[in-house]
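Quick notes on the structure that follows.
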Amino acid sequence: MSRLAVVCGGSRGIGRAVSRLLATRGCRVAIVSRNEDVAKATVKSLHGADHVALSCDVSKEQDVQKTFEMIQKTCGNISYLVNAAGINRDALLLRIRPEDMLPQLHTNLLGSMLTCRAALRSMLHTEGAAVVNIGSVVGMKGNSGQCVYSASKAGLEGFTRSLAKEVASRNIRVNLLAPGFIHTDMTLGLKEDRARSIPLGRFGEPEEVAQAVLFLLESSYVTGQVLVVDGGLQLAM
Ligand SMILES: NC(=O)c1ccc[n+]([C@@H]2O[C@H](COP(=O)([O-])OP(=O)(O)OC[C@H]3O[C@@H](n4cnc5c(N)ncnc54)[C@H](OP(=O)(O)O)[C@@H]3O)[C@@H](O)[C@H]2O)c1
C-alpha cells in the first residue's frame, strides 16, 4: 500500500518539488492549493497515477475541515503532511496596511495549525506518520521589512515544537524546515545580487529543499527539530 502524502501549497515552488519527489518515492500525493487548475496541472506532471488536486484556502477553517474530510473519504488515512502554503507581503511595520498583515498570519501560521488539526486523527492510524512545516531563516533571525512574515514563521517554530511534544506518544513526528533564499515565484522580484550574502554564493533550488523535507519525513527518530536549508545564509545574518 502506498503512503498518502498531503502537500499544502503543493502546486508551485517548494511544495511542487516536494510533491514530485514524494511521487517518485511511491507516495500517493494530494495537492492542496487555492487555484485548482494549477494544482491539477502539477498532479498531471507527477510520476505514477492516483494523485489528486484539491482547491482549499488553508486560512479558512471550514474550507480546511471540508477538504480533509474529502481526503479521508476518497484517499484514506494520511501518512505525511507537508505545510508549504505560504505568502509574503513585505513592508516596513510603519508602512504595512493591516489588510496585508492578517493574511500572512492566517495563511502561514493559523493555516498550518488548522491543517495539522484536521489531519492528526487520520495520522493516528498510520505507522510512522510525520508532519513537516515550512518555516524560514527569517523566522529565526528576523529581517527588516518582514516583521509580520518573520513573526508568522517564528510562531510556526513554537507551534512545531509544542505539537511534537503533544503527539510524540502517538508516534507522530513534527519538524520544521527553514529555507533561505530559494528560486520560486515568491523570490521572483528579488535581485540575484543578494546571493553575495549567502556563503554558498547562490540561491537554492526547490528540489534541494525537497530532499531535506524527505529526510525529515522518513527519519524515524527525529522530532521537534528545525532543519535549516539556506546555503549557510543564517551564518551571515
Ligand atoms: N522561496 C523562498 O525563498 C522561501 C524561503 C523561506 C521560506 N519559504 C516558505 O516556503 C513555503 C513555500 O514557498 P514558495 O517559495 O514555494 O512559494 P510559491 O512558489 O509562491 O508557492 C506557494 C504555494 O502556496 C499556495 N498557497 C498560498 N496561499 C495559500 C492558501 N491560503 N491556501 C492554500 N494554498 C496556498 C500557492 O498556491 P495558490 O496560490 O494557488 O493557493 C502555492 O502552491 C512558504 O511557506 C514560504 O513562506 C520560501
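Start counting the sequence shown at 1; every next residue gets the next number (the UniProt record's numbering). Glycine is no exception: its CB is placed at the ideal position from the N, C-alpha and C atoms.
(message) On the CB-based measure, 16 or more other CB atoms within 10 Å of its CB, does proline 199 come out buried or exposed?
(response) The residue in question, proline 199, is exposed, as its Cβ has fewer than 16 Cβ neighbours within 10 Å.
(message) ligand 1 and valine 132: does the residue's C-beta get closer than 7 angstroms to at least one heavy atom of that ligand?
(response) Checking the 7 angstroms criterion, the Cβ of valine 132 is out of range of every heavy atom belonging to ligand 1.
(message) Quick check: alanine 85 and threonine 67, are their CB atoms within less than 8 angstroms of each other?
(response) No, the Cβ-Cβ distance between alanine 85 and threonine 67 is not below 8 angstroms.
(message) Can you tell me whether cysteine 8 sits near ligand 1, meaning its C-beta is under 7 angstroms from at least one heavy atom of the ligand?
(response) True, at least one ligand heavy atom lies under 7 angstroms from that Cβ.
(message) For serine 136 and cysteine 147, I'd like the C-alpha separation in whole angstroms.
(response) Distance from the CA of serine 136 to the CA of cysteine 147, rounded to the nearest whole angstrom, comes to 13 angstroms.
(message) Using a 10 Å radius around the Cβ and a threshold of 16 neighbouring Cβ atoms, would you call tyrosine 149 buried or exposed?
(response) With 16 or more other Cβ atoms within 10 Å, it is buried.
(request) Kindly indicate the opening and closing residues of the beta strand (DSSP E) around proline 179. (result) Counting along the chain, the beta strand (DSSP E) containing proline 179 begins and ends at 173-179.
(message) What would DSSP say about alanine 119, mapped onto helix, strand or coil?
(response) Helix.
(request) Output the distance between the C-alpha atoms of residue 243 and isoleucine 172, rounded to the nearest integer angstrom. (result) Only positions 1 to 237 of the chain appear in this structure, which leaves residue 243 out of reach.
(request) Name, in chain order, the residues that DSSP records as bridge partners for isoleucine 31. (result) Per DSSP, Val7, Ala53.
(request) May I ask which residues mark the beginning and end of the alpha helix (DSSP H) holding alanine 91? (result) Unbroken run through alanine 91: none, as it is neither H nor E.
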